[in-house]
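Trainee: Here's a structure for you.
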């Protein structure tokens, strides 16, 4: 299973990296309805920080961004979709209990780890850029000041108008 496919299925909702129930069901090779039923039978394993149901606005926005529904009569979901955080995905394999679920879970965990590493490296790069900017700001300020002084025409010394004593 390509990790890139899994990475594309990871979404940012409510400031959390999550995966849609329909995407997970597809990866696990089960129907979304069956997976959600298994989760509901084991509700105590899925607290709010492991899984939550989208509200109508979130679902509508998501529907406009990615195709979550097929067109046609009888193709629409009756219920708002559920999303699973990294911890919720890890818990799913214990609920689904199949060899495929275990293998898919391993790949999903690798994708979450890779995503976390990429975000950390981007944060580190941004921190280094800020440090460089601060370091060189002072030096460039001096350079720009010197350039401004060179650019401003120097005034030739004028002789004072009027009578001078002693000459």
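Numbering (the numbering used here), first residue to last: 6 to 172. Heads up, the beta-carbon is just placed ideally off N, CA and C, and yes, glycines get one too. Bear in mind that the values here come from a model prediction, so they are computed numbers and not experimental data.
Helix, strand or coil: how does DSSP classify residue 35 here?
Mentor: The sequence position of residue 35 within the chain shown is 30, counting from 1. Note: residue 35 maps to coil in three-state DSSP.
Trainee: DSSP state of residue 15, grouped into three classes?
Mentor: To locate residue 15, count along the chain shown from 1; it is residue 10. Note: residue 15 maps to strand in three-state DSSP.
Trainee: Look at residue 24 and residue 55 and say whether their C-beta atoms are less than 8 angstroms apart.
Mentor: The residue you call residue 24 lines up with position 19 of the chain shown. The residue you call residue 55 lines up with position 50 of the chain shown. The answer is no: Cβ separation not under 8 angstroms.
Trainee: Any chance the region 7 to 23 sits against the region 83 to 91, with 3 or more Cβ pairs inside 8 angstroms?
Mentor: These segments touch.
Trainee: Expressed to the nearest angstrom, what Euclidean distance is found between the alpha-carbon atoms of residue 109 and residue 137?
Mentor: Reading the chain shown from its first residue, position 104 is the one you call residue 109. Reading the chain shown from its first residue, position 132 is the one you call residue 137. If I take the Cα positions, the gap works out to 42 angstroms.
Trainee: For residue 37 versus residue 43, is the C-beta distance shorter than 8 angstroms?
Mentor: Walking along the chain shown from the start, residue 37 turns up at place 32. Walking along the chain shown from the start, residue 43 turns up at place 38. No, the Cβ-Cβ distance between residue 37 and residue 43 is not below 8 angstroms.
Trainee: What's the C-alpha gap between residue 152 and residue 139?
Mentor: One-based indexing of the chain shown puts residue 152 at position 147. One-based indexing of the chain shown puts residue 139 at position 134. The alpha-carbon atoms of residue 152 and residue 139 are separated by roughly 20 angstroms.
Trainee: At the level of alpha carbons, what is the spacing between residue 34 and residue 116?
Mentor: As a first step, residue 34 must be located in the chain shown, where it is residue number 29. As a first step, residue 116 must be located in the chain shown, where it is residue number 111. In a straight line, the C-alpha of residue 34 is about 18 angstroms away from that of residue 116.
Trainee: To which residues does DSSP link residue 100 through a beta bridge?
Mentor: In the chain shown, counting from the first residue as 1, residue 100 sits at position 95. In the DSSP output, where bridge partners are listed per residue, residue 100 has none listed.
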